[in-house]
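J.: If you scroll down you'll find the structure; I have some questions about it.
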C-alpha cells in the first residue's frame with residue numbers, strides 16, 4: 001500500500017498535466033487567428049470609438065446642459081396648460097357654488113312665498129341689528145345647524161367690530177370664524193377672514209365672495225322714485241333689482257322674466273389691489289337703517305351683502321369722495337377668473353359675463369322691471 005504526501009500531486013494528476021502540455025501548442029494558433037480575424041473586420045474609426053466609449057463613464061457638461069435646457073423648455077410649455085386646466089376647474093367649482101345659491105333662492109321662495117330680503121335692520125338706532133340674504137339662506141345650503149343657533153332679534157347683532165364694540169356678534173358668536181364653502185370662490189385670493197384696518201371685520205366674520213344685486217344706478221339727480229334709485233350719501237342705492245335693502249319681492253315681481261334678471265354676482269377680486277367686497281362689518285351684517293329705498297336722498301343708507309351696479313365688471317375704480325369705504329352701495333362686481341365673472345340669473349341658471357359686455361346691457365339685466373326684455377349674448 002502506497003502512502004503519498006498530501007502536498008504532492010498524485011500520479012493521475014501528473015498524467016493529466018503532461019497530456020495537456022503536449023496538445024495545447026496545437027490549439028494556440030487557432031485562438032490567435034480567430035481574435036485577429038475579429039479585430040480585422042473593425043475599421044480604425046470603430047476601434048477609435050470603442051476606445052473612447054471605454055474611456056467615457058458619464059455625460060459631458062455640454063450634454064448635461066442640453067438635457068437641462070430641453071427639460072426647461074418642456075416645463076415652460078406644459079406649465080401654462082396645467083395652470084389653465086386648474087383655473088378651469090376652479091371656475092367650474094365657483095359656478096357650482098353659484099348654482100347651489102340659485103337653487104337655494106328658489107327653495108326659499110317655495111317655502112316663504114318670497115325671495116329673501118337683500119339686507120335689513122330691526123332698529124332705528126345704532127348699532128344695527130339685522131343681517132342679509134346670506135344668513136337667511138343658510139338652511140337651504142345645508143347649513144341648517146348653524147341657522148338654528150342664530151338669534152334674529154332686536155338685541156342681537158351680526159356685526160364684526162365697529163360701533164357695536166363689545167356687543168359685536170352678540171347672540172351670534174357661532175358666526176365667528178365660520179367658513180361656508182358655498183360662499184367662497186376657489187379662485188379668489190381674498191382672505192377668508194380679514195382684520196382691521198382694511199375693514200372693521202375684527203371679529204372674524206367671513207368675507208363672503210358673492211353679492212346680491214340691488215339693481216342698477218341711473219344718473220338721475222336727486223333720485224327718481226319711479227325708477228327706484230337714489231343717491232343716499234354713500235353712492236347710488238336701488239330697489240329695481242332682486243335683492244335690495246329692507247325690501248323683498250316675489251317671483252311675479254320680476255316683470256322682465258327671471259331668465260333676464262341677474263340675482264347674484266361674484267365679488268371675489270381685488271380693486272386696485274384692495275379688498276372692496278361688500279363685507280365691511282363682515283359678510284353677515286345687514287343695513288344701517290330699517291327704511292326701504294324710496295328715491296329720497298335725505299338720509300344716509302349703507303349696508304352689507306348687496307350692491308347697486310354702477311361700474312363695469314372688474315373695474316379698477318372706486319367711488320370718489322372722502323367717505324369712500326367698502327360699505328358704500330356700489331362695490332364692483334368682479335372675480336379672479338380670466339375675462340369675466342359668474343352670475344346667477346333669476347331662474348337659478350349660472351352665466352358667465354365677459355368684461356367686454358355692453359355696460360347698458362348689463363344695467364338692464366340688473367333691473368327686474370325696466371321693460372327692456374334683454375338676454376345675454378350667446
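Numbering (the UniProt record's numbering), first residue to last: 1 to 378. Where is the CB? At the ideal position from N, CA and C, for every residue including glycine. Given the structure is predicted, the values throughout are model-derived calculations rather than measurements.
#1: Below 7 Å CB to CB, which residues in the same chain sit around residue 364 once its five sequence neighbours on both sides are set aside?
#2: Do the stretch 251-261 and the stretch 126-138 meet, that is, are 3 or more Cβ pairs less than 8 Å apart?
#3: Residue 143 by DSSP, collapsed to three states: which one?
#4: How would you label residue 212, buried or exposed, when you count the other beta carbons within 10 angstroms and need 16 or more for buried?
#5: Please list the terminal residues of the continuous beta strand (DSSP E) segment that includes residue 307.
#6: So, with DSSP's three-state summary, where would you put residue 62?
#7: Excluding sequence positions up to five away, which residues of its chain have a Cβ less than 7 Å from the Cβ of residue 178?
#8: Which whole-angstrom value is the C-beta distance of residue 119 and residue 305, which I expect to be below 8 Å?
#9: Answer with buried or exposed for residue 268, where buried requires no fewer than 16 other C-beta atoms within 10 angstroms of its C-beta.
#10: Opposite residue 343 in the DSSP bridges: which residues?
#11: Tell me, please, whether the stretch 99-117 touches the stretch 235-250 by the rule of three or more beta-carbon pairs shorter than 8 Å.
#12: On the criterion of 16 or more Cβ atoms from any shown chain inside 10 Å, does residue 413 qualify as buried, or is it exposed?
#13: Drop a sphere of 10 angstroms on the beta-carbon of residue 187, count the other beta-carbons inside from all chains shown, and report buried for 16 or more, exposed for fewer.
#14: Helix or strand or just coil, what does DSSP make of residue 245?
#15: For residue 216, does the three-state DSSP call read helix, strand or coil?
#16: Should residue 88 be labelled buried (16 or more other beta-carbon atoms within 10 Å of its own) or exposed?
#17: Would the beta-carbon of residue 332 fall within 7 Å of that of residue 359?
#18: Just the C-alpha distance for residue 238 and residue 93, rounded to the nearest angstrom, thanks.
#19: Can you name the start and end residues of the alpha helix (DSSP H) that residue 133 belongs to?
#20: Let's test the definition: count the other Cβ atoms within 10 Å of the Cβ of residue 266 and tell me whether it reaches 16, buried, or not, exposed.
#21: Given a cut-off of 7 Å on the beta-carbon distance, is the pair residue 264 and residue 210 in contact?
#22: Determine the direct distance from the alpha carbon of residue 208 to that of residue 247, and round the result to whole angstroms.
#23: Kindly identify the DSSP beta-bridge partner or partners of residue 193.
#24: List the DSSP bridge partners of residue 100.
#25: Name the DSSP bridge partner or partners of residue 270?
#26: So the alpha helix (DSSP H) residue 359 belongs to, where does it begin and stop?
#27: Here's the rule I'm using: 16 or more other beta-carbon atoms within 10 Å means buried, otherwise exposed. How should residue 249 be labelled?
#28: If you reduce the DSSP assignment to three classes, tell me which class residue 84 lands in.
#29: Thinking C-alpha only, which one of 168, 328, 277 and 366 is nearest residue 254?
#30: Taking the alpha carbon of residue 121 as the point to measure from, which residue in 131, 113, 277 and 348 has its own alpha carbon closest?
#31: Hey, residue 342 and residue 308: beta-carbon distance below 7 Å or not?
#32: Closest by CA to residue 193, which one among 281, 168, 349 and 290?
#33: According to the neighbour-count rule (16 or more other Cβ atoms, all chains shown, within 10 Å of its Cβ), is residue 277 buried or exposed?
#34: Cutting at 8 Å between CB atoms, please list the residues of its own chain near residue 191, excluding the five before and the five after it.
#35: Roughly how many angstroms separate the alpha carbons of residue 127 and residue 279, rounded to a whole number?
T.: Walking through what the data contain:
#1: A distance below 7 Å between beta-carbons, with the five flanking residues on each side excluded, links residue 364 to the following residues of its chain, in chain order: 370, 372 and 374.
#2: no
#3: coil
#4: buried
#5: 306-309
#6: helix
#7: 146 and 206
#8: 5 Å
#9: buried
#10: Per DSSP, 265 and 351.
#11: yes
#12: A question about residue 413 goes unanswered here, because the residues of the chain that appear run from 1 up to 378.
#13: Residue 187 comes out buried.
#14: strand
#15: strand
#16: Using a 10 angstroms sphere on the CB of residue 88, the tally of other CB atoms stays under 16, which defines it as exposed.
#17: Result no, Cβ atoms of residue 332 and residue 359 do not sit closer than 7 Å.
#18: Cα-Cα distance, rounded: 30 Å.
#19: 133-136
#20: buried
#21: yes
#22: 21 Å
#23: 206
#24: Looking at the DSSP assignment, residue 100 forms no beta bridge with any residue, so it has no partner.
#25: None, per the DSSP bridge assignment.
#26: 359-366
#27: buried
#28: Three-state DSSP puts residue 84 in a helix.
#29: 366
#30: For residue 121, the nearest C-alpha among the options comes from 131.
#31: The Cβ atoms of residue 342 and residue 308 do not sit closer than 7 Å to each other.
#32: 281
#33: buried
#34: 207 and 275
#35: 16 Å
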